[in-house]
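Residue numbers (the UniProt record's numbering): 1 to 266. The C-beta atom is built at its ideal place from N, Cα and C for all residues, glycine as well. Just so we're clear, the structure is a prediction, and the values are computed from it rather than from any experiment. Structure, as structure tokens:
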Amino acid sequence: MSPQGNGDFKSPRRKDRAVISVSGLSKSFKMEGGNSVLALSPMDHHIPEGAFVSIVGPSGCGKSTFLRLVAGLEDASGGTIDLATGAIRRPVGFVFQDAVLLPWKSVRDNIRFPLDTSGVKRAAGNARVQELIDLVGLTGFEDALPKQLSGGMRQRAAIARALADDPPILLMDEPFSAVDLLTRETLNDELLKIWQQTGKTILLVTHSVEEAAYLGSEIMVMSPRPGRLKKTYSVDLPYPRTPDTKALPGYHALVSDLRRDLRDTE
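Okay, structure coming up:
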């Protein structure tokens, strides 16, 4: 695998236009006593439209903070973020580590919730919800409550909810970390299918270098706190990715490179 700038691989639906541009982006947090801790060092980066970007790095390096800044859930301490999405409503959807579904609402109503709050008419909303239920493989579970679903199924519902408003950007913060390995691998494959069908720009935070290499068209490697962007990779593994991808020499070389990068950051 080559660091960014040395490859010309184009992932499915990827375009040259930057959909996320950050310049001098930094974030500090106020601590008790008035002291500040720098969580994210000034950072410059551009993410192309339609890319699938895996973000890896040690705990506390600012991976999740970066996602929250992109989503507007945190205010930057310095620098700028430009989202060139043209979205009318929400420019981003967010999938958290916990599915955070409303426990008293069915799968259908959980997915429809963002549409209800946006004032989408019920008939149009129902059609969109059923389309998403089919997309994430929850057909037949429309009326189930979250407690009646497995962990993987709850995350499928959370992904569908994040896509309800058809945002151009999907942000995912370790969404599969709480499920078993076999379910995680299945969800990885399903996520790739969703990406290829929808053309979304996806940013995925993960602690698994294997997952990062398998999914990503690009990989961002973060350094320890204060977090900085240490290196980026343009991944030239072919799409569609399948379990056979993990037998390719290029996959093993990339995983090895990422492990070395993370060891070097400790």
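Item to check | Residues that DSSP places opposite residue 48 in a beta bridge | outcome: On the sequence shown, residue 48 is found 48 positions in, with the first residue counted as 1. Residue 48 pairs with 18.
Checklist entry - Taking the beta strand (DSSP E) that residue 233 falls in, what are its first and last residues? => result Sequence index remark: in the sequence shown, residue 233 carries index 233 (1-based). Its beta strand (DSSP E) spans residues 229-234.
Item to check | For residue 263, three-class secondary structure by DSSP | outcome: Against the sequence shown, residue 263 aligns to sequence position 263. Residue state, collapsed to three classes: helix.
Item to check | Closest by C-alpha distance to residue 179, when choosing among 94, 155, 172 and 199 | outcome: Working through the sequence shown from its first residue, we reach residue 179 at position 179. Selected option, being the one with the closest Cα: 155.
Checklist entry - Between which two residues does the alpha helix (DSSP H) harbouring residue 205 extend? => result The residue labelled residue 205 in the question sits at position 205 within the sequence shown. From DSSP, residue 205 is part of no alpha helix (DSSP H) but of the beta strand (DSSP E) over 201-205.
Checklist entry - Using 8 Å as the limit for Cβ to Cβ distance, is residue 229 near chain E? => result Among the protein chains of the structure shown there is no chain E, as only one such chain exists.
Checklist entry - Does the beta-carbon of residue 35 have 16 or more other beta-carbons within 10 angstroms, so that it is buried, or is it exposed? => result Along the sequence shown, read from residue 1 onward, the residue named residue 35 stands at position 35. Exposed is the call here.
Checklist entry - Three-state secondary structure (DSSP) at residue 32? => result Taking the sequence shown and counting its residues from 1, one reaches residue 32 at position 32. The answer is coil: DSSP assigns residue 32 none of H, G, I, E or B.
Checklist entry - Considering only the beta carbon of each residue, do residue 67 and residue 227 sit closer than 8 Å? => result As a first step, residue 67 is located in the sequence shown; it is residue number 67 there, counting from the start. As a first step, residue 227 is located in the sequence shown; it is residue number 227 there, counting from the start. Their beta carbons are not under 8 Å apart, which means residue 67 does not touch residue 227 by this criterion.
Next on the checklist: If you measure between the beta carbons of residue 161 and residue 96, is that distance less than 8 Å?
Outcome noted: Locating residue 161 in the sequence shown gives position 161, counting from the first residue. Locating residue 96 in the sequence shown gives position 96, counting from the first residue. The answer is no: Cβ separation not under 8 Å.
Next on the checklist: Using C-beta distances below 6 Å, list every residue in its chain close to residue 198, excluding the 5 sequence neighbours before and after it, in chain order.
Outcome noted: Walking along the sequence shown from the start, residue 198 turns up at place 198. Closer than 6 Å at Cβ, skipping near neighbours: no residue.
Next on the checklist: Which residues does DSSP list as the beta-bridge partners of residue 94?
Outcome noted: Residue mapping note: residue 94 aligns to position 94 of the sequence shown, counting from 1. Paired residues: 171.
Checklist entry - Is any heavy atom of the ligand ADP found at a distance shorter than 7 Å from the C-beta of residue 167? => result For the structure depicted, the ligand ADP is absent and the ligand set is empty, with no information on it obtainable.
Checklist entry - In three-state terms, what does DSSP make of residue 74? => result Stepping through the sequence shown from its first residue, residue 74 is reached at position 74. Reduced to three states, the DSSP call for residue 74 is coil.
Next on the checklist: If you reduce the DSSP assignment to three classes, tell me which class residue 37 lands in.
Outcome noted: For the purposes of this step, residue 37 is taken as residue 37 along the sequence shown, with counting starting at 1. The answer is strand: DSSP assigns residue 37 an E or B state.
Next on the checklist: Am I right that residue 171 and residue 203 are in contact with their C-beta atoms under 8 Å? What's the rounded C-beta distance?
Outcome noted: As a working note, residue 171 is residue 171 in the sequence shown. As a working note, residue 203 is residue 203 in the sequence shown. The pair is a contact, with the Cβ atoms about 5 Å apart (cut-off 8 Å).
Item to check | For residue 242, the three-state DSSP class (helix, strand or coil) | outcome: Here residue 242 corresponds to residue number 242 of the sequence shown, with the count starting at 1. Coil, per DSSP.
Item to check | Cβ neighbours of residue 192 in the same chain (closer than 6 Å, five flanking residues each side left out) | outcome: Counting from 1 along the sequence shown, the entry for residue 192 is found at position 192. Closer than 6 Å at Cβ, skipping near neighbours: 241.
Next on the checklist: Under 8 Å: do the stretch 214-226 and the stretch 40-60 share three or more Cβ pairs, one atom per stretch?
Outcome noted: yes
Checklist entry - Are residue 262 and residue 251 close, meaning C-beta to C-beta below 8 Å? => result Along the sequence shown, read from residue 1 onward, the residue named residue 262 stands at position 262. Along the sequence shown, read from residue 1 onward, the residue named residue 251 stands at position 251. Cβ atoms of residue 262 and residue 251: not closer than 8 Å.
Checklist entry - Would the stretch 45-53 and the stretch 15-31 be scored as touching if the rule is three or more Cβ pairs under 8 Å? => result yes
Item to check | Length-filtered (4 minimum) alpha helix (DSSP H) runs lying within the stretch 120-185 | outcome: 122-135 and 151-163
Item to check | Own chain residues within Cβ distance below 7 Å of residue 246, not counting five before or after | outcome: For the purposes of this step, residue 246 is identified with residue 246 of the sequence shown, where counting begins at 1. Same-chain partners within the cutoff: 214.
Next on the checklist: For the structure I just gave you, are there three or more beta carbon pairs, one from the stretch 135-142 and one from the stretch 64-81, closer than 8 Å?
Outcome noted: no
Checklist entry - How many Å lie between residue 232 and residue 44 at the Cα? => result Position 232 of the sequence shown, counted from the start, is the residue given in the question as residue 232. Position 44 of the sequence shown, counted from the start, is the residue given in the question as residue 44. Each residue's alpha carbon lies about 12 Å from the other.
Next on the checklist: Rounding to the nearest angstrom, what Cα-Cα distance links residue 210 and residue 121 in this structure?
Outcome noted: Taking the sequence shown and counting its residues from 1, one reaches residue 210 at position 210. Taking the sequence shown and counting its residues from 1, one reaches residue 121 at position 121. So the alpha carbons of these two residues sit roughly 42 Å apart.
Checklist entry - Distance, Cα to Cα, residue 72 vs residue 22? => result By 1-based counting over the sequence shown, the position of residue 72 is 72. By 1-based counting over the sequence shown, the position of residue 22 is 22. Cα to Cα, residue 72 sits roughly 13 Å from residue 22.
Checklist entry - How would you write the range of the beta strand (DSSP E) that residue 100 sits in, first residue to last? => result By 1-based counting over the sequence shown, the position of residue 100 is 100. Residue 100 -> no beta strand (DSSP E), and no H or E assigned at all.
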